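Only one structure is covered here, and it is reproduced in the block below.
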Amino acid sequence: MQRALLSGVVVAVTCSVVGLFLVLRRQSLFGDALSHAAFGGIAVGLFTNTYPIWTALLVSVLASLGVTKLRQSTKIPPDAAVAVMLSSGLAMGIVLIGLAGGFNLDLESFLFGSILLISMQDQLMILMLSTVVLLIIFKLYKQLMYITFNEDQARVSGINVTRLNYLFIGLASLAVISSLRLVGVLLISSLIVIPNITAMMFGKGFKKTAMISILIAVSSVLGGIVTSYFMNLAPGGTIVILSIAILLGSIGAKSLLQKIRIRNLANEPESLLKTP
Amino acid sequence: MQDLVAVSVKNLTYTYKVSSTSFSPNVLDNISFSVNKGDLLGVIGPNGAGKTTLFSCMLGLFKDYQGEVRIFGHDIRKNNNLILQSIGYIPQQKSIEQGFPATVQEIVSLGLIGKKNGSKEKVDSALEMVDLSGQNHRRIGELSGGQQQRVLIAKALVSEPKLLILDEPTTSVDVETQNKFYTLVKNLNLKNNLSIIWASHDLDAVNKIANKVMCLNRSMFFHGDTSEFFGSNELIRMYSESSMQLHMRSHSNQNMNLNSGYSQEEANGRHDEMKG
Numbered sequence: 302m303q304r305a306l307l308s309g310v311v312v313a314v315t316c317s318v319v320g321l322f323l324v325l326r327r328q329s330l331f332g333d334a335l336s337h338a339a340f341g342g343i344a345v346g347l348f349t350n351t352y353p354i355w356t357a358l359l360v361s362v363l364a365s366l367g368v369t370k371l372r373q374s375t376k377i378p379p380d381a382a383v384a385v386m387l388s389s390g391l392a393m394g395i396v397l398i399g400l401a402g403g404f405n406l407d408l409e410s411f412l413f414g415s416i417l418l419i420s421m422q423d424q425l426m427i428l429m430l431s432t433v434v435l436l437i438i439f440k441l442y443k444q445l446m447y448i449t450f451n452e453d454q455a456r457v458s459g460i461n462v463t464r465l466n467y468l469f470i471g472l473a474s475l476a477v478i479s480s481l482r483l484v485g486v487l488l489i490s491s492l493i494v495i496p497n498i499t500a501m502m503f504g505k506g507f508k509k510t511a512m513i514s515i516l517i518a519v520s521s522v523l524g525g526i527v528t529s530y531f532m533n534l535a536p537g538g539t540i541v542i543l544s545i546a547i548l549l550g551s552i553g554a555k556s557l558l559q560k561i562r563i564r565n566l567a568n569e570p571e572s573l574l575k576t577p
Numbered sequence: 184m185q186d187l188v189a190v191s192v193k194n195l196t197y198t199y200k201v202s203s204t205s206f207s208p209n210v211l212d213n214i215s216f217s218v219n220k221g222d223l224l225g226v227i228g229p230n231g232a233g234k235t236t237l238f239s240c241m242l243g244l245f246k247d248y249q250g251e252v253r254i255f256g257h258d259i260r261k262n263n264n265l266i267l268q269s270i271g272y273i274p275q276q277k278s279i280e281q282g283f284p285a286t287v288q289e290i291v292s293l294g295l296i297g298k299k300n301g302s303k304e305k306v307d308s309a310l311e312m313v314d315l316s317g318q319n320h321r322r323i324g325e326l327s328g329g330q331q332q333r334v335l336i337a338k339a340l341v342s343e344p345k346l347l348i349l350d351e352p353t354t355s356v357d358v359e360t361q362n363k364f365y366t367l368v369k370n371l372n373l374k375n376n377l378s379i380i381w382a383s384h385d386l387d388a389v390n391k392i393a394n395k396v397m398c399l400n401r402s403m404f405f406h407g408d409t410s411e412f413f414g415s416n417e418l419i420r421m422y423s424e425s426s427m428q429l430h431m432r433s434h435s436n437q438n439m440n441l442n443s444g445y446s447q448e449e450a451n452g453r454h455d456e457m458k459g
């Protein structure tokens, strides 16, 4: 349980930080495509009897760089390029599963997550990948923010946008791989997207939004793991349902606050008139 | 004499690649001009005249041009990063997404990336110059179009550039904001002795503010003193006629592209790839 909680917190921080840039660049579905490419990699690992996370890492990094190159050197629209990556990974996985006659539990744990069954090897991998991702993003935070704001202006400021885009997509692959054990291939993108769109409703400033997003992601993960443990639920699904509940609650709270503000403004002239 | 020149462009020709074997007609055709330090050059020309392409070449965003572009004596293709540090660039106004969480302070600070002596005082002073003091902690997405444009100007000024390039910066702002902007540009030019190159469709404003004018119509139509151009009815009539011809030519090209199966976007479209 302790191992699950620690890994969960680390993954939550990594995914929400990477996710903020992905959401603002309108690449929210990139996480989904990366995780499906990783699915193909997992199947390769299980088929060849290799630690599946390493093969998933290799396949998703290569796929992400390949898609970025494809987008830059052809006229394929970005969403179509993402769809190509998504279906290629899934197709590779399905073919290998067919060849091996199925992988049963192992594959299922990667599809839906299995944070409570996490091994020491998995935990070390999560810590290592997340540390690399967070350190690099912390170091290049301003440049990445500039590119997210406006690529042309970033280029004119002397930032090597092409190189940083490749680096960032590589980092996003690492973040996705580190969260495979937590929520599984099918739910990763929710961990990347939901805390950030919730945080963007309240955050004033890039840094503050990132901090709120981290707070929401960590709360969802910790709450989800503990709830699933005591109520015998699937942890991945519980984490996502909890983060959706926070999102819906936030939308409701924001709308209520706006109504109260409008009502107060409407009442203000009357109260001013009543004042002697 | 060389020390007086801020920008020198010689025989600049640029053609967009439509496919690996075909090219569009020249967008810039053998352009030569120079801008002295402290000059305020207004660049006028109809849509499609090549103004943005000219700026893209001057800023090193496009490198596959024929001819030579020198900024403060340095070839932009060879000393890109060094020269870019001395240029402030404000692109054509595109509205910034309302949900973008960065504050005014964070956006203006982006102009200090790569500078050794970046400080909050510099950001405050840049915001003061554009009449946005005290707005540091507002989200940029919450500001009006005119205020957002002034934030971008502050971002360009915070790095204390020697040359400011403005690409139709007031296209989508109201008349009052436009007038404030023109006063600001004139003051920056006179008080800070800043060299400014400014593309605009507002001939009246160019006449009032710029000391030099360049008429672009894919090829150079006129380059010289503002008083010489606007004082000659014959020149203005010839300029209007050639603008009309370009407009007609663009329309017929558009129809040809549609008939040949190319969309106008595709025909114009190598833009992003070239930058990569």
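Protein sequences, first through last, are from chains C and U. Going by the working numbering, the first residue of the first sequence is number 302, and it counts up by one from there. Going by the working numbering, the first residue of the second sequence is number 184, and it counts up by one from there. Yeah, the Cβ is synthetic: ideal placement off N, Cα and C, and Gly gets one too. The structure presented is a predicted model; accordingly, all values stated were derived computationally and were not measured.
For this session: Count the other CB atoms, across all protein chains shown, that sit within 10 Å of the CB of Pro536 (chain C); report buried if there are 16 or more and exposed otherwise.
Result: Counting from one through the first sequence, the residue named residue 536 (chain C) turns up at place 235. Residue environment: Pro536 (chain C) is assigned as buried (16 or more neighbouring CB atoms within 10 Å of its CB, all protein chains considered).
Given a cut-off of 7 Å, decide if Leu244 (chain U) and Ile214 (chain U) are closer than it, judged by their beta-carbon atoms.
Residue 214 (chain U) sits at position 31 when you count from the first residue of the second sequence. Residue 244 (chain U) sits at position 61 when you count from the first residue of the second sequence. With respect to Leu244 (chain U), Ile214 (chain U) sits apart: the two C-beta atoms are not nearer than 7 Å.
Open item on the list: Taking 7 Å as the threshold (beta carbon to beta carbon), is Met421 (chain C) in contact with chain U?
Closed with: Numbered from 1 along the first sequence, position 120 holds the residue referred to as residue 421 (chain C). Not closer than 7 Å to any Cβ of chain U, the Cβ of Met421 (chain C) fails to qualify, so no.
Notebook entry, point to check: Going along chain C in order, which residues have a C-beta closer than 8 Å to the C-beta of Tyr272 (chain U)?
Noted result: One-based indexing of the second sequence puts residue 272 (chain U) at position 89. The contacting residues are Gln454, Val457.
Members of the stretch 432–446 of chain C near chain U, C-beta cut-off 8 Å = Result list: Lys443, Gln444, Met446.
- Report the residue from U:Arg260, U:Gly228, U:Asn230 whose alpha carbon sits nearest the alpha carbon of Val192 (chain U). For the purposes of this step, residue 192 (chain U) is identified with residue 9 of the second sequence, where counting begins at 1. Ranking U:Arg260, U:Gly228, U:Asn230 by Cα distance to Val192 (chain U) puts U:Arg260 first.
Discussion item. Mapping the DSSP letters down to three states, classify Tyr530 (chain C) as helix, strand or coil.
Written reply: Position 229 of the first sequence holds residue 530 (chain C). Looking at Tyr530 (chain C) - three-state DSSP - the assignment turns out to be helix.
For Ile290 (chain U), count neighbouring Cβ atoms within 10 angstroms of its own Cβ and tell me buried if that reaches 16, exposed if not.
Residue 290 (chain U) sits at position 107 when you count from the first residue of the second sequence. Result: buried.
query = DSSP on Ser443 (chain U), reduced to helix/strand/coil?
reply = The residue given as residue 443 (chain U) occupies position 260 in the second sequence. A caution first: Ser443 (chain U) carries a pLDDT of 45, below 50, which makes its placement in the model unreliable, though a value can still be read off. Coil, per DSSP.
Review point. For a contact meaning CB atoms closer than 9 Å, what does Phe322 (chain C) contact in chain U?
Key: In the first sequence, residue 322 (chain C) corresponds to position 21, counting from 1. None at all; the shortest Cβ gap to chain U is about 12 Å.
With three or more beta-carbon pairs closer than 8 Å as the criterion, would you say the stretch 554–561 of chain C touches the stretch 522–537 of chain C?
No, the stretch 554–561 of chain C does not touch the stretch 522–537 of chain C.
(Q) In whole angstroms, give me the CA-to-CA distance for Ser217 (chain U) and Val190 (chain U). (A) On the second sequence, residue 217 (chain U) is found 34 positions in, with the first residue counted as 1. On the second sequence, residue 190 (chain U) is found 7 positions in, with the first residue counted as 1. Rounded to whole angstroms, the separation of the alpha carbons of Val190 (chain U) and Ser217 (chain U) is 5 Å.
Proximal residues of chain C, C-beta to C-beta of His320 (chain U) below 7 Å:
Reading the second sequence from its first residue, position 137 is the one you call residue 320 (chain U). Simply Lys505.
Practice task
Could you tell me whether the stretch 338–345 of chain U touches the stretch 360–369 of chain U, using the rule of 3 or more Cβ pairs below 8 Å?
Solution key: Contact fails between the stretch 338–345 of chain U and the stretch 360–369 of chain U, because fewer than three Cβ pairs, one in each stretch, are under 8 Å apart.
request  = Kindly list, in the order they appear in chain C, the residues whose Cβ is closer than 7 Å to that of Gln361 (chain U).
outcome  = As a first step, residue 361 (chain U) is located in the second sequence; it is residue number 178 there, counting from the start. The premise fails here: Gln361 (chain U) is roughly 22 Å from chain C at the closest Cβ pair, so nothing lies under 7 Å.
**Prompt:** Which residue comes first and which comes last in the beta strand (DSSP E) that contains Tyr272 (chain U)?
**Reply:** Here residue 272 (chain U) refers to the residue found at position 89 of the second sequence. For Tyr272 (chain U), the enclosing beta strand (DSSP E) covers residues 270–273.
Go to Thr351 (chain C), then tell me how far its beta strand (DSSP E) extends in each direction, as first and last residue.
Working through the first sequence from its first residue, we reach residue 351 (chain C) at position 50. From DSSP, Thr351 (chain C) is part of no beta strand (DSSP E); its letter is neither H nor E.
**For Asn400 (chain U), the residue or residues it bridges with in DSSP** = Residue mapping note: residue 400 (chain U) aligns to position 217 of the second sequence, counting from 1. Answer by DSSP bridge pairing, in chain order: U:Ser402.
**OP:** Keeping to the same chain, check which residues put their C-beta closer than 6 Å to that of Val522 (chain C); ignore five residues upstream and five downstream.
**Re:** Counting from one through the first sequence, the residue named residue 522 (chain C) turns up at place 221. Once the five neighbours on either side are set aside, the close Cβ partners of Val522 (chain C) are Gly309, Ala313, Ile540.
For this session: Let me know the beta strand (DSSP E) ranges lying completely inside the stretch 210–246 of chain U, each 3 residues or longer, listed in chain order.
Result: Runs of the beta strand (DSSP E) lying entirely within the stretch 210–246 of chain U, each at least 3 residues long, are 211–219, 223–227 in chain order.
Proximity below 7 Å, CB of Ser336 (chain C) to CB of Ile489 (chain C): Here the question's residue 336 (chain C) lines up with position 35 in the first sequence. Here the question's residue 489 (chain C) lines up with position 188 in the first sequence. When the beta-carbon positions are compared, Ser336 (chain C) and Ile489 (chain C) come within less than 7 Å of each other.
field: Buried versus exposed call for Glu311 (chain U) [16 or more other C-beta atoms within 10 Å across all chains shown]
entry: For the purposes of this step, residue 311 (chain U) is identified with residue 128 of the second sequence, where counting begins at 1. By the neighbour-count rule (16 or more Cβ atoms within 10 Å), Glu311 (chain U) is not buried but exposed.
TODO: Could you name the residues of the same chain whose beta carbon sits closer than 6 Å to that of Met457 (chain U), not counting the 5 residues immediately before and after it, in chain order?
DONE: Start at 1 with the first residue of the second sequence, and residue 457 (chain U) comes out as number 274. Low confidence applies here, because Met457 (chain U) scores a pLDDT of 40, under 50, leaving its location unreliable; read the following figure in that light. If we look at Met457 (chain U) and ignore the five residues flanking it on each side, its Cβ neighbours are Phe245.
- Message: Tell me which residue opens and which closes the beta strand (DSSP E) that Tyr197 (chain U) is part of.
- Response: By one-based count along the second sequence, residue 197 (chain U) stands at place 14. Per DSSP, the continuous beta strand (DSSP E) segment holding Tyr197 (chain U) begins and ends at 188–197.
Can you give the Cα-Cα distance for Asn440 (chain U) and Phe503 (chain C), rounded to whole angstroms? As a first step, residue 440 (chain U) is located in the second sequence; it is residue number 257 there, counting from the start. As a first step, residue 503 (chain C) is located in the first sequence; it is residue number 202 there, counting from the start. Only weak support is given to the placement of Asn440 (chain U): the predicted model assigns it a pLDDT of 49, under 50, and the value that follows is read from those uncertain coordinates. Taking the straight line joining both Cα atoms gives about 47 Å.
Using only the alpha-carbon positions, how far apart do Ala567 (chain C) and Ser361 (chain C) sit?
For the purposes of this step, residue 567 (chain C) is identified with residue 266 of the first sequence, where counting begins at 1. For the purposes of this step, residue 361 (chain C) is identified with residue 60 of the first sequence, where counting begins at 1. Rounded to whole angstroms, Ala567 (chain C) to Ser361 (chain C) spans 54 Å at the Cα level.
Could you confirm whether any beta carbon from chain C is found closer than 7 Å to the beta carbon of Glu460 (chain U)? Here chain U comprises residues numbered 184 to 459, so residue 460 (chain U) is not present and cannot be evaluated.
Point to revise | Any chain C beta carbon closer than 7 Å to Ala309 (chain U) | key: Position 126 of the second sequence, counted from the start, is the residue given in the question as residue 309 (chain U). No, Ala309 (chain U) lies away from the interface with chain C (no Cβ there is under 7 Å from its Cβ).
Count the other CB atoms, across all protein chains shown, that sit within 10 Å of the CB of Met421 (chain C); report buried if there are 16 or more and exposed otherwise.
Translated into positions along the first sequence, residue 421 (chain C) becomes position 120. Within a 10 Å sphere around the beta-carbon of Met421 (chain C) sit fewer than 16 other beta-carbons, which makes this residue exposed.
- prompt: Taking the C-alpha atoms as reference points, what is the distance between Thr198 (chain U) and Leu211 (chain U)?
  reply: Position 15 of the second sequence, counted from the start, is the residue given in the question as residue 198 (chain U). Position 28 of the second sequence, counted from the start, is the residue given in the question as residue 211 (chain U). Counting only the Cα atoms, Leu211 (chain U) lies some 7 Å from Thr198 (chain U).
Have a look at Ser458 (chain C) and Leu377 (chain U) and give me their C-alpha separation to the nearest angstrom. Translated into positions along the first sequence, residue 458 (chain C) becomes position 157. Translated into positions along the second sequence, residue 377 (chain U) becomes position 194. Roughly 18 Å separates the two Cα atoms.
Any C-beta of chain U under 7 Å from that of Ser317 (chain C)
Here residue 317 (chain C) corresponds to residue number 16 of the first sequence, with the count starting at 1. For Ser317 (chain C), no Cβ of chain U is located within less than 7 Å of the residue's own Cβ.
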